[in-house]
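Going line by line, the protein sequences match chains A and B.
The opening residue of the first sequence carries number 7 in my numbering; numbering runs sequentially from there.
The opening residue of the second sequence carries number -17 in my numbering; numbering runs sequentially from there.
The beta carbon of each residue, even a glycine, is placed where N, CA and C say it ideally should be.
These numbers come from a predicted model, not from an experiment.
These notes concern the structure reproduced below.
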Amino acid sequence: MSGAHGVLALVHAVALVGLTPHRVRIECSRATGLPGMRLVGLPDTAVREAEDRIRTAIQRSGLHWPQERIVINLAPADLPKVGTGFDLPLAIGVLAATEQIPSASLAGLCACGEIGLDGSIRPVPGTLPTAVGARDLGTGRLLVADAAAGEAALVNGLEVIGVRDLTEVVELLRGDRAARQSVPAPTEIPASTLDLRDVRGQPVARRTVEIAAAGGHHLLLVGPPGCGKTMLARRLHALLPPLELDQALEVAAIHSIAGERAPDAPLSLAPPLREPHHSISAAGLIGGGSGIARPGELALAHRGVLLLDELLETPRWILDALRQPLERGEITITRARSRVRYPSQVLFVAATNPCPCGHLGDPRRCCTCRPDRIERYRARLSGPLLDRIDLHIEVQPVDQRQLAGSADGESTAAVAARVLAARHRGADRWGAGILARDLQDRQLRATCSERAMSTLVRAIDGLALSARAFDRTLRVARTIADLEAVEVIAPEHVEEALAYRLSSPVHG
Amino acid sequence: MSAALAGLRSVAAQVAADGTDPDELAAIVAFSAQPRSHPDALRRRDRDGHRSGPAATRVAALAGPPTATTGAVAQRLLGAWRDDGVRVTLIGDPAYPRCLAEGWPELDPPVWLAWRGQAPGHAPGVAIVGARRATSYGSGIAAWLAEAGDVRAPGSAAPHRLLAEGAAPCCSPAQLLEALGAPGGGPALLDVTASAADEVARSGATERAGAASAATTLPPAVHAALVRAWPRPVRLEDLASSAQVPVGGLLAALTRARVNGEVAEAADGIRLRRAPPDAG
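In structure tokens:
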């Protein structure tokens, strides 16, 4: 569009609010007034600082910086614009407004990248979800830093163009140069060096870990220091099957937003394992921060394992923040200017000592804790959170003979094969990606025998268990039946499932 | 005498230690079956009153004869004790430790002592009472005793649950250490109060089991391991290692047995709720 003030250039960009993409129209026009650039439309500091980067980069790239006023509107104006990824579309807008590149070349174009003072284009965090967003918003082409092109090219249905510097961008949009074909980053399944065979003894704990992996059930391991809780928890992660491609993209997108993913890294199909330190803050765990909330460890563990070691060293109010997301499989963080939703379908594994000194229940060491200290220590784990954990297991120290002896258990590969087979049975019955922990009451009862149901009713009544325990026990029983390749839940499946709930080592 | 009270006397006779009058035992247990009645209140009343005659007789007189209602409750309680192999003596009776009854009256000795296995005896010794409401001091004493004797207490997992509000001379250190679960087996002291047996009775497990206490829903190897360990608990991991059954099946069987009242789970393992028929 031409007029008294020259061309009104229009470039598209994507603003992410959490994982949710929003189309941003970058309208750029020359205007009367003192030379300079005026940005409107809720830019944050990083976006406002783009003026200096863009001007210097344009000048150092041998292009013309206009000696007049440039007004840029980021629409919708009430949506916060965050990050340096807006540098590239802003620069393209300025160049188009000053007619250094044809406006027609911007049709269907979306751009994302940070510009250096030398004109180089650099990748920014969140390139992958930006690419997903660009595709979902109907953009045909995405211009990104060459280093991030492989990551963006993982998204099907979108033409990804990698560029190295501003000169290349101009040549490309003028039609002086052909776009390079972007090759999607390779996928990989990192081999785990952790083997369940390394765990000596612990037959009950091994069985529990297998059930947790097969059904995605949350797990609480309680035991004295050095008995193998953390070892078991890490090996549980190795039992999980690889992610499907769309699941891996979803996980990578969250990691990309958090800046934890190198743009040139291959796409990992391994489920994530997050092990935050027990001194973690609430914002670190569930996400937060000023402006648009960033994902926390919970979201970063999406479709993987969130391992909280030394659980009871974490303050209770922080742990309680997990209650809702563990139930719903997503976390919604509301701030004054934004409301962000991150998925959080995690397998929550918690490990803790039974008391402050750690030796309560240790047959070889004497506990030195006063009873009131033990009570206070255990009270850090609230009943409602404990209720959401399906499998409670007390891990005892292994005796010296077992430690010195040869490995006596199955390997990770053998157990993982059973886990995968059980998950396939569930997927055939309920649909892909649905785990036993996510099943509804109606679905559970449909595959439960009458005898199993009456066994459960009798046990719930005789052992004074809560109504919530009813469904959760059935879900674990469903997983056990799937592990045994049995279609209908039998009484012994229910009884075994009850065993993991009956004697909570923490609240028992 | 009604049939109910005759039955009560018969059960009391099976539980009473040598030298303890079953009628007195029945009267005191029946008194304690009333709501908010504790026989120690009778003893305190007796201490403030006349002092002639055996203490147990005086306390039993204060308790009064059992009624049909209290008699029925007492009979159930005494039956549970009998099934668990518990013996009971009353204060001042021959089996009641003299040093506890007479030597330290300020210790407020209990009206009855219940035990399983070897009787407490009269030699100077140490026992700790009030297991379920232990103070940190009591827990410390328990831990110290356990360490000094190089033994594992059946609650070393939770010594605070096991023992103690105060120390009372009741049995020899050897007996105490034995009671705490010294390796090599031997009799174990159930408790120096009646609360543990009370708990068994309240659970109704004994009633459900009836006389057929040998019947079990556990796999034979598991049941045998629990019988061998009786009255000590067996760690779940040890059962799983030695039971020769899949872990899942073992857990299911233990749950079934727990629902049926056959086994109980403690902090330090699993044990049979009742003495096996061939236990000493």
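Between the alpha carbons of serine 198(A) and threonine 374(A) lies a distance of about 38 angstroms. If you draw a straight line from the Cα of leucine 246(A) to the Cα of alanine 222(B), it comes to about 25 angstroms. Assignment of beta strand (DSSP E) within the stretch 117 to 196 of chain A, counting only whole runs of 3 or more residues, yields 147 to 151, 165 to 169 in chain order. At the C-beta level, proline 27(A) and glycine 156(A) stay beyond 8 angstroms of one another. Legend: CB atoms of the stretch 468 to 480 of chain A lying less than 8 angstroms from CB atoms of chain B belong to residues Gly468, Leu469. For valine -7(B), not one C-beta of chain A is nearer than 8 angstroms to its own C-beta.
Neighbours of threonine 237(B) in chain A, taken as residues at a C-beta separation under 8 angstroms, are given in chain order as Ala465, Glu501, Glu502, Leu504, Ala505, Leu508. For alanine 222(B), the chain A residues whose C-beta falls within less than 7 angstroms of its own C-beta are Pro209, Val210, listed in chain order. For isoleucine 339(A), no alpha helix (DSSP H) segment is defined; the enclosing uninterrupted segment is the beta strand (DSSP E) at 336 to 340. Closest by C-alpha distance to proline 91(B), out of Ala203(B), Gly230(B), Val216(B), Pro21(B), is Pro21(B). Around the beta carbon of tryptophan 97(B), 16 or more other beta carbons lie within 10 angstroms, which makes this residue buried.
With a 10 Å radius around the Cβ and a threshold of 16 neighbouring Cβ atoms, proline 48(B) comes out buried. Looking from the CA of leucine 313(A), the closest CA among Arg435(A), Val215(A), Asp368(A) belongs to Val215(A). For the stretch 438 to 464 of chain A, the set of residues with a beta-carbon nearer than 7 angstroms to any beta-carbon of chain B comprises Arg464, in chain order. Counting along the chain, proline 4(B) sits inside the alpha helix (DSSP H) bounded by residues 4 to 14. Exclusion of the five residues before and after glycine 335(A) leaves Pro349, Ser350, Gln351, Asp444 as the residues of its chain whose Cβ lies within less than 8 angstroms of its Cβ. A distance below 8 angstroms separates the beta carbons of isoleucine 98(A) and leucine 112(A). Leucine 325(A) sits close to leucine 387(A), with the two beta carbons spaced by under 8 angstroms. Against chain B, the CB of isoleucine 486(A) has a partner CB under 8 angstroms away; the residue lies at that interface.
In the structure shown, the three-state DSSP call for tryptophan 71(A) is coil. Within chain A, the residues whose beta carbon sits less than 8 angstroms from that of arginine 240(B) are Leu469, Leu508, listed in sequence order. With a contact defined as Cβ atoms closer than 8 angstroms, alanine 234(B) and glutamate 498(A) qualify at about 4 angstroms. Residue pairing of glycine 294(A) in beta bridges, as defined by DSSP: Arg300(A). In summary, serine 285(A) is exposed, with fewer than 16 beta-carbon neighbours lying within 10 Å of its beta-carbon over all protein chains present. Buried is the label assigned to proline 129(A), since at least 16 other Cβ atoms lie within 10 Å of its Cβ. Residue environment for glutamate 6(B): buried (at least 16 other C-beta atoms within 10 angstroms of its C-beta). At a cut-off of 8 angstroms between beta carbons, arginine 256(B) makes no contact with chain A. Between the alpha carbons of leucine 426(A) and serine 188(A) lies a distance of about 34 angstroms. Fewer than three beta-carbon pairs drawn from the stretch 33 to 45 of chain A and the stretch 120 to 129 of chain A are found closer than 8 angstroms, and the two stretches are therefore not classed as touching. In the three-state scheme derived from DSSP, where H, G and I count as helix and E and B as strand, isoleucine 76(A) is classed as strand.
The C-alpha of alanine 299(A) is placed about 46 angstroms away from the C-alpha of threonine 237(B).
Here arginine 309(A) really is in contact with proline 277(A); their C-beta atoms are around 6 angstroms apart, less than 8 angstroms. In terms of Cβ geometry, threonine 453(A) and arginine 484(A) form a close pair [threshold 8 angstroms].
The C-alpha of valine 204(B) is placed about 27 angstroms away from the C-alpha of arginine 371(A). Annotation: alanine 442(A) to leucine 24(B) spans about 59 angstroms, alpha carbon to alpha carbon. A direct Cα-to-Cα measurement between alanine 102(A) and alanine 219(A) gives close to 54 angstroms.
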